[in-house]
Structure formats: C-alpha cells, structure tokens
Amino acid sequence: MNIFIINLERSVDRRDIIIQKFKELNIEVEFTFFSAIDGKNNPDHFLFKKYNHIKRLLRKKRSMTTSQLGCYASHYSLWEKCCKLNKPIIILEDDIEILSSFTKVYQYLSSKENIYEFLWLGKPYNDKYLKHHHVIDTTDSGIEIIKCHTGWGNALAYYITPIAAKKFLDGSKEWIYNLDVYMERYWEHKVPFSAIIPLCFQVNSQGLASNIDFSKGKRSIFFTFTREWFEAKDKVTKWFFDLFHQ
1 MNIFIINLER SVDRRDIIIQ KFKELNIEVE FTFFSAIDGK NNPDHFLFKK
51 YNHIKRLLRK KRSMTTSQLG CYASHYSLWE KCCKLNKPII ILEDDIEILS
101 SFTKVYQYLS SKENIYEFLW LGKPYNDKYL KHHHVIDTTD SGIEIIKCHT
151 GWGNALAYYI TPIAAKKFLD GSKEWIYNLD VYMERYWEHK VPFSAIIPLC
201 FQVNSQGLAS NIDFSKGKRS IFFTFTREWF EAKDKVTKWF FDLFHQ
C-alpha cells in the first residue's frame, strides 16, 4: 500500500526524522514524500482559486491564510492521486510520531479484511473527541473500528480509498473551511467518520514548530452574527443526519 507523507521541501529536519523512524520499524514499508504546496512561497497557486473568501468570512469571521490554503491543496492533490491510482493509500503529515501499534494496523489495512472507505489513523487533537463514538467492528486480532460523532481537530494521518477520495473532491468545488474542519463535516460530503483503534500515529512529541499560520485580525459584529447562525444551522443538520444514519 502506498504511503504518502506531505512535506515542505524546506522542512528537511522533519523529513530526516521520519526516514529514521520508519527505519526503526520491525516491518518494511514503502513510503513517498509528497512535495507540499507551499502557500507562503506560492500564494497564487492555481488551486487557491477554489477558495471562497466571502463564504469563509460569513461562516468563520476570519480569512484563510496562504499556509492553510497550501495544506488544503496538498491533501486535495493526494485525493486526486488516490483516484488516479485507483487504490487505497495512507496520507500522513510530516509532524507525525509513529506508535508501536503501527505494524498491527498496517497489516490490517493491507488485508482483505479491511472493507472501509476511510479511517483516521492518528490521535485527534483532543482525547475528548473519542468519548462520543460506538464500535462497529472488532477483529480477532483485537482491532476495533469505531464510528465517531464529534470533531477530530487535525488531518495528521488517515487511510483513504478512491471512493472516499472522490467524495472529498466532489465536496471541494469551493473551499470555505480549514482542511481538517472540512473533513469533519461528514454530513455534507458523506465520507464515513470512522477511526481504527489502536490509533498508530500522534503529533511528534519533540515539539516541532507548526508550518501553518493562523489568521489574525479584527472581528466584525456582523460576521460574528453570521458565524453563530451557520453554526446553529450545522448543529441541526448534523443532528438530523446522525438520527437517520446510526
């Protein structure tokens, strides 16, 4: 199975750390570094035309930064790659730490036993996101597949099939939300919001600085109102979706 690691060409330190971590595994896996789209140095990338600035402000009050757009574009490009290859792939960001459960999980993902469209592989931003879930499958080896109902907070690591990749692409005709927030909106793009337990990646504990800038600036009262309206609308839409898709 192809593993693609999103990495900025200038982030040599992260690349070296990952190479060493994979060498230390008790299983041989092939992985490829995908040259991340660098929004800071390429602010006019053609994919950024998908960004809808007005809709973004109405829903989030703040603009997306070029580095956030670059993050979205990098994952978007790998979804296209998944569809072109017409086979499942694993997508990783370059600030990962590989956990001891990786070998077990990788063997399951590569087996015929794996029938899932999409699975989160990395730990969520906050453990509280794992509190609201239910188990939908358990294997003889002790692996569980869970269905989640809250956010995830990052796009650190995930398994994706062409079916799920096409759904993500179809839902990305215009970009409004940060990449991880968009991926959490399962009631819109219809990609199953599932994860594998044990999770096998987490954010690198060595404290690597983030490559993504976050928008700052004044917040208008008008956009505060519109954001709250859209958040309320999302809660209702999500509630009805969950009600009929248990």
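When you line the sequence shown up against UniProt numbering, it's residues 1 to 246, in that order. Glycine included, C-beta positions come from ideal geometry on N, C-alpha and C.
Other residues of its chain near residue i: CB distance less than 6 Å, five sequence neighbours each side excluded
i      : result
Tyr125 : Gly153 and Asn154
Thr161 : Pro88 and Glu117
Pro198 : Ser101
Phe230 : Arg59
Short Cβ contact (8 Å threshold) for residue i with residue j
i           : j      : result
Ile5        : Asp94  : yes
Arg185      : Lys60  : no
Phe33       : Phe22  : no
residue 263 : Leu121 : A query on residue 263 cannot be resolved here, the shown segment of the chain reaching from 1 to 246 and no further.
Ile115      : Met1   : no
Leu119      : Ile196 : yes
Asn204      : Gln68  : no
Buried or exposed (CB count within 10 angstroms, at least 16 for buried), residue i
i      : result
Gly142 : exposed
Asp127 : exposed
Leu85  : exposed
Ala209 : Caution applies to Ala209, whose pLDDT of 47 falls short of 50 and renders its modelled position unreliable; the value that the coordinates give is listed next. Its Cβ having fewer than 16 others within 10 Å, Ala209 is exposed.
Lys233 : exposed
Residue i CB to nearest heavy atom of the ligand ADP below 7 Å
i     : result
Glu24 : In terms of ligand content, the structure shown is empty, and the ligand ADP therefore cannot be addressed.
Alpha carbon of residue i to alpha carbon of residue j, nearest angstrom
i      : j      : result
Tyr106 : Thr66  : 33 Å
Lys81  : Trp187 : 24 Å
Asp140 : Thr103 : 16 Å
Ser111 : Ser35  : 28 Å
Ile18  : Lys190 : 32 Å
Lys235 : Cys200 : 30 Å
Leu135 : Lys147 : Note that residue 135 corresponds to Val in the displayed sequence, not to Leu. If I take the Cα positions, the gap works out to 6 Å.
Phe240 : Trp175 : 24 Å
Asn52  : Glu24  : 43 Å
Gln20  : Glu97  : 11 Å
Ser172 : Asn42  : 20 Å
Within-8 Å CB hit, residue i to chain C
i      : result
Ser110 : No chain C is present in this structure, which holds just one protein chain.
Other residues of its chain near residue i: CB distance less than 8 Å, five sequence neighbours each side excluded
i     : result
Ala73 : Ile37, Gly39, His45, Leu47 and Phe48
Contacting residues, own chain, Cβ-Cβ under 7 Å from residue i (five flanking each side not counted)
i      : result
Leu130 : Pro124
Val29  : Ile3, Phe22 and Tyr106
* To do: With a floor of 4 residues, list each alpha helix (DSSP H) that falls wholly inside the segment 138-172, ordered by position along the chain.
  => Entirely contained in the segment 138-172, the alpha helix (DSSP H) runs reaching 4 residues are, in chain order, 162-170.
* Which runs of the alpha helix (DSSP H), 4 residues or longer, sit entirely within the segment 96-141? -> Entirely contained in the segment 96-141, the alpha helix (DSSP H) runs reaching 4 residues are, in chain order, 102-109.
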